[in-house]
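Engineer:
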Amino acid sequence: MVGLVVALLAVVAGAGYVVSSRDDAPVDTRPVVLPATFMGLGPAEASQQFAEMDSQWRDGLSDAYDGRPFDGRAYGTMADRVRIHVVVNRGDAADVGDASFGRPPFTDFGAVSCTHTQELPDVEGLPDSGPLTNPRTFLCVRHDEVATVSAFALIGAQGREAEVAAAVDQVWSMQLT
Numbered sequence: 040m041v042g043l044v045v046a047l048l049a050v051v052a053g054a055g056y057v058v059s060s061r062d063d064a065p066v067d068t069r070p071v072v073l074p075a076t077f078m079g080l081g082p083a084e085a086s087q088q089f090a091e092m093d094s095q096w097r098d099g100l101s102d103a104y105d106g107r108p109f110d111g112r113a114y115g116t117m118a119d120r121v122r123i124h125v126v127v128n129r130g131d132a133a134d135v136g137d138a139s140f141g142r143p144p145f146t147d148f149g150a151v152s153c154t155h156t157q158e159l160p161d162v163e164g165l166p167d168s169g170p171l172t173n174p175r176t177f178l179c180v181r182h183d184e185v186a187t188v189s190a191f192a193l194i195g196a197q198g199r200e201a202e203v204a205a206a207v208d209q210v211w212s213m214q215l216t
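Just so we're aligned, residue 40 is where the sequence shown starts under my numbering, counting upward by one.
1. In the DSSP assignment, find the unbroken beta strand (DSSP E) run with residue 112 in it and report its ends.
2. Could you check where the alpha helix (DSSP H) with residue 206 kicks off and where it finishes?
3. Given a threshold of 16 other Cβ atoms within 10 Å of its Cβ, counted over all protein chains shown, does residue 198 qualify as buried or as exposed?
4. Smallest Cα separation from residue 125: which of 72, 66 and 131?
5. Quick check on residue 88: does DSSP put it in helix, strand or coil?
6. If you run the structure through DSSP and keep just helix, strand and coil, what is residue 197?
7. Which residue comes first and which comes last in the alpha helix (DSSP H) that contains residue 101?
8. Quick one: what does DSSP say residue 141 is sitting in, helix, strand or coil?
9. Considering just the uninterrupted stretch of the beta strand (DSSP E) at residue 128, what are its terminal residues?
10. Counting C-beta neighbours from all protein chains within 10 Å, is the total for residue 118 16 or more, i.e. buried, or is it exposed?
11. Tell me whether residue 129 is buried or exposed, calling it buried when 16 or more other Cβ atoms sit within 10 Å of its Cβ.
12. For a quick check, are the C-beta atoms of residue 77 and residue 206 less than 8 Å apart?
13. Measuring straight from C-alpha to C-alpha, what distance separates residue 164 and residue 82?
14. CB residue 155 to CB residue 177, shorter than 8 Å?
15. Hey, how far is the Cα of residue 148 from the Cα of residue 204?
16. Going by CA-CA distance only, name the one from 179, 167, 143 and 144 that's closest to residue 193.
17. Assuming residue 181 is part of the beta strand (DSSP E), what are its boundary residues?
18. Using the rule of at least 16 other Cβ atoms within 10 Å of the residue's Cβ for burial, across every protein chain shown, is residue 137 buried or exposed?
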């Protein structure tokens, strides 16, 4: 469990994001849209906004998305006892960033797939842990050629998978307009 917490902290800090090449499909250059709230939760504190604070995260994903617009935001505060990271990009990128961490078994909520099993990237100095299942954390993803929306529930959303999946669908619809 300690290894998972350390690995999650490394991921939150931006370490280990996978860079993969994309196909030559046309790029929709409209900016992604992040909601003001997610599941009724406002944005996390400014110091916890990984996309704004972590240049390694932004630079790594910029390379991985080959110029496709993307962004992310943390929702929920320690007072809420909930923290969910939402990442949105134009185009299908289920093999990049948080979206790439999910491993079977998946539970489908319509077009959104959620899992409690993640395989985090190797982080220098930590042993390779392989896929880990944790009932307290989960990842929900929806993707196709239009967009990829991922929500990584890190703290306090246990038992709320259907609610997170519905919120992912709402963020997804925002990308279509």
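Where a beta carbon is used, it is the ideal one built from N, C-alpha and C, also for glycine.
Structural biologist: A quick look at the data gives this:
1. In the DSSP assignment, residue 112 falls within the beta strand (DSSP E) that extends over 109-114.
2. First-last of the alpha helix (DSSP H) with residue 206: 200-213.
3. When all chains shown are included, residue 198 counts as exposed.
4. Distance from the Cα of residue 125 is smallest, within the candidate group 72, 66 and 131, for 72.
5. Of the three classes helix, strand and coil, the one that applies to residue 88 here is coil, per DSSP.
6. Residue state, collapsed to three classes: coil.
7. Run containing residue 101: 94-103, per the alpha helix (DSSP H) assignment.
8. In this structure, residue 141 counts as strand in the three-state DSSP scheme.
9. Per DSSP, residue 128 belongs to the beta strand (DSSP E) from 122-129.
10. By the Cβ-count criterion, residue 118 is exposed, with fewer than 16 other Cβ atoms from all chains shown falling within 10 Å of its own Cβ.
11. Burial check for residue 129: the Cβ neighbour count within 10 Å reaches 16 or more, so the residue is buried.
12. The answer is yes: Cβ separation under 8 Å.
13. Approximately 32 Å, taken between the alpha carbons.
14. Taking 8 Å as the cut-off, the beta carbon of residue 155 is found closer than this to the beta carbon of residue 177.
15. Near 6 Å, if we compare the C-alpha coordinates of residue 204 and residue 148.
16. Of the candidates 179, 167, 143 and 144, 179 places its Cα closest to the Cα of residue 193.
17. That run of the beta strand (DSSP E) goes 177-182.
18. Counting every other CB atom within 10 Å of its CB across the protein chains shown gives residue 137 a total of 16 or more, marking it as buried.
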